[in-house]
Amino acid sequence: MAHFWFILTAAVYFSLCSSEHQNVRGHDSEKSMEVHQNAQDVEDSTRQKAWNKHVVPSCLEEKYNDKSCQKVFCHPWERCLQDRCMCLIPNECPRVGGPVCSLGGNRLPSYCKLKSLECLRKNSKYAFSNFMPCSKPRFSIKEERGQLFLQISGDWLPVCANMNMPTANAACRQLGLSLGAKTVQNKKMVSKTNTNSSQAVTKLLCKGWESSLAECQYKLGKYNKCQRLGHIHINCYKEERGCNISEFECANKKCVPRTRMCNGDDDCADRSDELCCQSCSKGALLCSTGNCVAETSLCDGEPDCINYEDEANCTSTKKSKKYDNEVIVQERQNIREAALPVCGNSSFGISSVVLLQPRSSRNRRLIGGTQATQDQFPWQAALLQDRVWTCGAVFIGGNWFLTAAHCVSKVMAEYKVRVGELARLTRETTQDELLIDRIVKHPRYNSRTNKNDVALLFVAKMDHIHLYTPSLTPACIPHSSLQFPPGTQCFASGWGRALELTTLAKRPNVLRWVKLNLIGNCSAFHGERFTEGMECAGSLDGSADTCDGDSGGPLICYNSLNDAYVWGIVSWGHRCGTEGFPGVYAKVAFYYTWIRSITGKDIFKH
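For the sequence shown, the numbering used here assigns the number 47 to the initial residue and increments by one for each residue that follows.
Right under this line is the structure:
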């Protein structure tokens, strides 16, 4: 019995010891896992911080992509409607260029009409192949064991060029894989295979949006260059899966490494990895709207930044690589130029006079301001009500002017616009008075709150002698509300009340202008009265502002090419030049779709 008790006691003791030992081991394991998790959290946090240095997280929530015209230019075969690039119908294309051939063997009247059909029908058979005649062998592409070949003029040629991700995306798109490439690399050639040609594609460069490599720039060279360059191998993106923590989910659901964001290369194949940046890597250019543009796209004649930063300061003597099919690039440029409205033209030296003026001092405001010179603001107009000067207005092209809705509130009044005017009390040779035949106030204008304080003025009998001259040139209409961010220096002009004149009620004889900075988060100053569609500009200390009589006049901002955009219409404010209450303007970009729906092709050609 004692023997049994010893065995039982020993067994229990061993069991307790084992249990205690296991608990200790379990505790160590949990502690180890916790330490590992903490290390992982620190690593993830470090990655997140590094990632946040390049991107703007709040912007990423908007899911911008290559069809978001708040961020990008629409192609000439598209138009911006409701902040999206929408397909034109073929007949809306500019009448530029000759017949072209599609990959499906179709003959189309022009490149733009071909792209319009491709855009509408989402069919690759309408992708571009070549210019006439269509009897020529079509431009084709094939991939064998990852190696890329192009058929140009009947011969299958290996691609030996250094290829970037946008070019690889275009190649995969032509192969029928819309999400573009996963990887692209050069592999050294072992032996001459799969081709009998003595030539190879030794240069190949795409923008990234193309649906056919025939739209890209390429150059043919001797096949022996492949010995040095190697063959291009692409791996197209085919998987559908969730993205892990080290990856960015593109707007099209493709997963790309976060380390490849904001480097100028369109890794996503829809540009969503390059549209929400606060800095760029790999020598890419940062646009004012937060887009990164690759070095290869700078000064190429095809603007990628809404403010044209990528096409500014380009010299005509800059050496460019020669390609065998530069005609397609020239064709696109011709179409783009034909589609652009004539506006804000700096060829008259319009804005250079403004930009070279010295910085205004504290008491030099539009309620004071600086006197303008003749033709300095050729879009500026004066609005007359029953022959009495009452407000400002801005010429926007065709037969149309833009002003504030509160300036045309009198129903039975006779309204005229006076153009080409510098001094109100002097009859000038450039001056003309035009009867307004139609007034279109914004349908949701609220006279109590000044919400939607914009109106369009139609003049049927424009004196075409004065159209598009140094004295009368339209300001451009911005399509993106992101084009000019807070802090941008802009210019207001008008004949409003001047502070330093002997009588405060007295308006100046000569047109005046003032520099004003755009101000963000303006609801902090004006509370609930500041609503969507409004913009603040001026200075918080009240040293620069617009005033009574400036209403309806323009707030002009300039892009990198010195083109003038009417960013705001003088609307309302808390007295004039009051500290802590910057002036408020109707934000014209917010009304782009409405303006376009009223004016149509009179301003917007396509």
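Glycine included, each C-beta is placed from N, C-alpha and C at the ideal position.
Mind checking if residue i is an interface residue toward chain B, Cβ cutoff 9 Å exclusive?
i, result
"Met132", "Looking for chain B here will not work: only one protein chain is present."
Below 7 Å CB to CB, which residues in the same chain sit around residue i once its five sequence neighbours on both sides are set aside?
i, result
"Pro349", "Phe119, Asp356 and Glu357"
"Glu124", "Cys131, Met132, Cys133, Leu134 and Cys165"
"Val302", "Glu293, Phe294, Cys296, Asp313, Cys314 and Asp319"
"Gly533", "Asn563 and Leu564"
"Ala216", "Cys252, Gly254, Glu256, Leu259 and Cys262"
"Asn445", "Phe504, Val505, Ala506, Met508 and Asp648"
"Lys271", "Cys206, Ala246 and Thr248"
Does the beta-carbon of residue i have 16 or more other beta-carbons within 10 angstroms, so that it is buried, or is it exposed?
i, result
"Glu625", "exposed"
"Ala199", "This sequence places Ser at residue 199; Ala is not what is there. Exposed is the call here."
"Met178", "exposed"
"Pro531", "exposed"
"Lys507", "exposed"
"Gly573", "exposed"
"Thr449", "buried"
"Leu471", "exposed"
"Asp609", "buried"
"Gly542", "buried"
With residue i and residue j assumed to form a contact (beta carbons below 8 Å), what rounded beta-carbon distance in angstroms separates them?
i, j, result
"Asn337", "Lys109", "Incorrect: roughly 15 Å between the Cβ atoms, too far for contact."
"Gln263", "Glu372", "7 Å"
"His279", "Gln220", "Not really, about 16 Å apart at Cβ, beyond 8 Å."
"Lys159", "Pro136", "4 Å"
"Gly222", "Ala214", "Between Ala214 and Gly222 the Cβ distance is about 14 Å, and since that is not below 8 Å, they are no contact."
"Gly267", "Thr248", "3 Å"
"Val616", "Thr645", "That pair is no contact at about 21 Å."
"Leu154", "Leu163", "7 Å"
"Arg529", "Thr335", "According to the sequence as given, residue 529 is Gln; it is not Arg. The Cβ separation is near 7 Å, so the contact holds."
"Asn210", "Asn232", "The pair is not a contact, with the Cβ atoms about 12 Å apart (cut-off 8 Å)."
"Cys351", "Cys333", "4 Å"
Do residue j and residue i come within 9 Å of each other at the CB atom, strictly closer than that value?
i, j, result
"Arg558", "Ser585", "no"
"Ser597", "Gly443", "no"
"Leu607", "Phe537", "no"
"Asn353", "Thr519", "no"
"Glu460", "Gly466", "no"
"Val612", "Ala501", "no"
"Tyr369", "Leu196", "no"
"Tyr269", "Ala246", "yes"
"Ser170", "Arg184", "no"
"Gly347", "Val388", "no"
"Gly599", "Gln420", "no"
"Asn281", "Thr229", "yes"
"Cys147", "Cys105", "no"
"Pro145", "Ile381", "no"
"Pro516", "Ala635", "no"
"Arg575", "Thr495", "yes"
"Pro560", "Thr361", "The sequence shown places Val at residue 560, not Pro. In this structure, Thr361 does not lie closer than 9 Å to Val560 by Cβ."
Could you work out which residue in the options is closest to residue i when comparing CA atoms only?
i, options, result
"Asp478", "Lys487, Pro489 and Lys462", "Lys462"
"Arg642", "Asn391, Phe447, Thr472 and Cys603", "Phe447"
"Ile187", "Ser181, Cys180, Val205 and Tyr172", "Val205"
"Asn111", "Gln431, Gly646, Ser104 and Ala297", "Ala297"
"Ser343", "Met307, Tyr369, Asp311 and Ala583", "Asp311"
"Glu377", "Lys113, His121 and Glu107", "His121"
"Val486", "Leu480, Val454 and Asn492", "Val454"
"Asp432", "Gln422, Asn605, Val457 and Cys289", "Val457"
"Asp316", "Tyr491, Cys115, Val505 and Thr449", "Cys115"
"Asn555", "Ser527, Trp435 and Lys228", "Trp435"
"Ala418", "Leu429, Ala469 and Ala583", "Ala469"
"Phe571", "Ala583, Lys561 and Val560", "Ala583"
"Gln273", "Gly542, Gln535 and Ser244", "Ser244"
"Cys126", "Gly542, Asp609, Ser527 and Ala610", "Ser527"
"Lys168", "Ser224, Glu383, Lys265 and Glu138", "Ser224"
"Leu481", "Val440, Tyr514, Leu430 and Phe441", "Leu430"
"Thr476", "Asp483, Arg484, Phe423 and Ser493", "Phe423"
Could you name the residues of the same chain whose beta carbon sits closer than 6 Å to that of residue i, not counting the 5 residues immediately before and after it, in chain order?
i, result
"Glu581", "Gly614, Tyr631 and Lys633"
"Ser156", "Gly143"
"Gln324", "Val102"
"Thr577", "Lys497"
"Ser327", "Asn309"
"Tyr491", "Ala451 and Asn498"
"Asn605", "Asn353 and Tyr354"
"Gly329", "Glu341"
Using C-beta distances below 8 Å, list every residue in its chain close to residue i, excluding the 5 sequence neighbours before and after it, in chain order.
i, result
"His488", "Ala451, Asn498, Asp499, Val500, Ala501, Tyr637 and Trp640"
"Arg287", "Cys301"
"Phe627", "Phe571, His572, Gly588, Gly619, His620 and Arg621"
"Lys99", "Gln324 and Ser325"
"Cys568", "Phe576, Met580, Glu581, Cys582, Pro628 and Val630"
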